[in-house]
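Have a look at the structure below before the remarks.
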Amino acid sequence: MARLNVNPTRMELSKLKKKLVSAQRGHKLLKDKRDELMRQFMLLIKENRQLRSEVEAAVSEADSYMAVAGSVMQREVLETALMLPKQEVELEVGEKNVMSVYIPVFSPKYRTSDPGDIYSYGTAFTSADLDGAVSALSAIFPKMIRLAEVEKACQLMADEIEKTRRRVNALEHIMIPDYQETIRFITMKLSENERSTTTSLMKVKDMVLKQNHDFK
Amino acid sequence: MSDTNYKTAVIGDTASVSGFAALGLSVFCETDGTKISKLINRLAANDFAVIYITEPAAALAADTIKNYRSSRLPSIVLIPAVKGNTGDGMRALHEAVEKAVGSDILN
């Protein structure tokens, strides 16, 4: 532990004592913040993991439908079929404050009110596999939005937890011990000064008495 | 928050992303690394809140995606491409856990 480079005076001592108190208080608060963030983070991670595996499975399924559709239809026909979508999604972005981490909340707004109204093409010239792909994607889309939300929240919270953890560690292992060590040093120095003053006073008293009264 | 309506984009190779066009998402077919990076920067500056990107495309623009990790928007989400799941999306999750906890406790 490194002692802080300060003068051993009473003023510094009282300053340091105040600093120590606020450092200990800050340490306790940050530790609580870290623990709560961690708890929330673990919940989010669990949800994130589940959502991701669901979304990945659904997208892969849609992709395999799409691959079949692509092989039985001409590319131009496929592109034309998907060229003018009926559905349109806009996102409203709000925010939620979780232990002073601002995480975005997405609420999708669809242009057509009927969620089944997604096929932007007639069924005459397109393969049924295309319908399969589109419906699979459409079914998983709400979860994909939630995944985007949760994944962002996880990233932001991971950053914040890392920062908080570093702060807690810095306070716990560096700042607080330094303050304590310096306080101890100043206290010792001050009492040492006091003792030396007392002894020199005694010595002076002895000398004065000896001189004046030949006192032994 | 303002009343701006945000948009959603999908980036990747044609076969993987064209299905999303039916859902009304903005679809961008791009397979070149620098173009993808530029595209992400442009989308981020233009009210796109969520960007889905296929894993192979994301691997080409990993640095750009990393830059947006700690900003509030956009949220960049990896999805599997037609060629199959590379596991990059899950790996990003594990990285987040490792960053927060100090070790990967999911395994």
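These protein sequence lines map, in sequence, to chains A and B. Each residue of the first sequence is one higher than the one before, counting from 1 in our numbering. Each residue of the second sequence is one higher than the one before, counting from 1001 in our numbering. In this text, a Cβ means the ideal position worked out from N, Cα and C, and glycines have one as well. None of the values given here were measured: they were computed from a predicted structure.
* Taking all protein chains shown into account, do 16 or more other C-beta atoms lie within 10 angstroms of the C-beta of T187(A), making it buried, or fewer, making it exposed? -> Looking at its Cβ environment, which holds fewer than 16 other Cβ atoms inside 10 Å, T187(A) is exposed.
* Cross-chain neighbours of S138(A) in chain B, by beta carbon under 8 Å -> Result: A1022, L1023.
* **Assigned exposure category for D32(A) - 16 Cβ within 10 Å defines buried** => So D32(A) ends up on the exposed side.
* K96(A), DSSP secondary structure in three states -> K96(A) carries a strand assignment under DSSP once its states are collapsed to helix, strand and coil.
* **Contact between the segment 1048 to 1056 of chain B and the segment 1068 to 1084 of chain B (3+ Cβ pairs under 8 Å)** => Yes: at least three Cβ pairs fall under 8 Å.
* To do: Within the same chain, show all residues whose beta-carbon is closer than 7 Å to that of T198(A), passing over the 5 residues directly before and after it, in chain order.
  => Cβ neighbours of T198(A) beyond the five flanking positions: none.
* To do: Check each candidate in A148(A), E160(A), E194(A) and name the one with the smallest Cα separation from K1007(B).
  => Checking every option, the nearest Cα to that of K1007(B) belongs to A148(A).
* Asked: Out of curiosity, what's the CA-to-CA distance linking S60(A) and G94(A)?
  -> Whole-angstrom Cα-Cα distance: 30 Å.
* So what does DSSP say about A1061(B), is it helix, strand or coil? -> DSSP places A1061(B) in coil when its eight states are reduced to three.
* Asked: What is the DSSP secondary structure of I1105(B), counted as helix, strand or coil?
  -> Of the three classes helix, strand and coil, the one that applies to I1105(B) here is coil, per DSSP.
* Is the Cβ of L91(A) closer than 9 Å to any Cβ of chain B? -> Chain B contact via Cβ: present.
* I174(A) burial status per 10 Å Cβ neighbour count (16 or more: buried) -> Taking all protein chains in view, the Cβ of I174(A) is surrounded by fewer than 16 other Cβ atoms within 10 Å, so the residue is classified as exposed.
* Using the rule of at least 16 other Cβ atoms within 10 Å of the residue's Cβ for burial, across every protein chain shown, is R1042(B) buried or exposed? -> So R1042(B) ends up on the exposed side.
* Asked: According to DSSP, which residues form a beta bridge with S60(A)?
  -> Paired residues: none, contrary to the question.
* May I ask you to report which of helix, strand or coil DSSP gives Y102(A)? => The answer is strand: DSSP assigns Y102(A) an E or B state.
* To do: Flag S1018(B) as yes if its beta-carbon sits less than 9 Å from any beta-carbon of chain A, otherwise no.
  => Interface annotation, S1018(B): in contact with chain A, CB-CB separation under 9 Å.
* Selection from V68(A), L82(A), N7(A), A2(A) that minimises the alpha carbon distance to L1023(B) -> When C-alpha distances from L1023(B) are compared across V68(A), L82(A), N7(A), A2(A), the shortest belongs to L82(A).
* To do: Would you mind giving the Cβ-Cβ distance between Y179(A) and A23(A), rounded to the nearest angstrom? I have them listed as a contact below 8 Å.
  => The beta-carbon distance between Y179(A) and A23(A), rounded to whole angstroms, is 6 Å. This is short enough to meet the 8 Å contact definition.
* Asked: Between the Cα of A1061(B) and the Cα atoms of I1036(B), T1014(B), V1077(B), which residue gives the shortest distance?
  -> Closest by alpha carbon: I1036(B).
* Does DSSP put S1070(B) in a helix, a strand or coil? -> Here S1070(B) carries a coil assignment [DSSP, helix/strand/coil].
* To do: Compare the C-beta of L190(A) with all C-beta atoms of chain B and state if any pair is closer than 9 Å.
  => For L190(A), the answer is no, since every Cβ of chain B falls outside 9 Å of its Cβ.
* **V204(A) (DSSP reduced to helix, strand or coil)** => V204(A) falls in the helix class under three-state DSSP.
* Pick helix, strand or coil for G1084(B), following the three-state DSSP scheme. => In this structure, G1084(B) counts as strand in the three-state DSSP scheme.
* Asked: From V98(A), K189(A), L156(A), E162(A), pick the residue whose C-alpha is nearest to that of E12(A); which is it?
  -> That would be K189(A), whose Cα lies nearest to the Cα of E12(A).
* Asked: Using the beta-carbon of each residue, which ones in chain B are nearer than 9 Å to M157(A)?
  -> Within chain B, the residues whose beta carbon sits less than 9 Å from that of M157(A) are A1096, A1100, listed in sequence order.
* Asked: Which of the three DSSP states, helix, strand or coil, is assigned to L91(A)?
  -> Collapsing the DSSP output to three states places L91(A) in a strand.
* Hey, R235(A) and L30(A): beta-carbon distance below 9 Å or not? -> A query on residue 235(A) cannot be resolved here, the shown segment of chain A reaching from 1 to 216 and no further.
* To do: Could you say which of V21(A), D131(A), Q155(A), E90(A) lies nearest to V101(A) if we only look at CA atoms?
  => Considering only alpha carbons, the answer is Q155(A).
* **Identity of the residues DSSP links to V150(A) by a beta bridge** => According to DSSP, V150(A) bridges with nothing at all.
* With a CB to CB cut of under 8 Å and the five nearest residues on each side skipped, what residues in its chain are close to M99(A)? -> Counting only Cβ-Cβ distances below 8 Å, and skipping sequence neighbours, we find K33, E36, L37, Q40, E160.
* K1034(B) versus I45(A): straight-line alpha-carbon distance, rounded -> At residue 1034(B) the sequence reads Thr, which differs from the Lys that was named. Here the alpha carbons of I45(A) and T1034(B) stand approximately 31 Å from one another.
* To do: Starting from N1041(B), trace the beta strand (DSSP E) both ways and give me its first and last residue.
  => Note, N1041(B): premise wrong, no beta strand (DSSP E); alpha helix (DSSP H) at 1033 to 1045.
* Is the segment 127 to 142 of chain A touching the segment 49 to 69 of chain A in the sense that three or more CB pairs, one from each, lie closer than 8 Å? -> Result yes; three or more Cβ-Cβ pairs closer than 8 Å.
* Just to confirm, are G1089(B) and I1079(B) a CB contact at a threshold of 9 Å? -> Yes, the Cβ-Cβ distance between G1089(B) and I1079(B) is below 9 Å.
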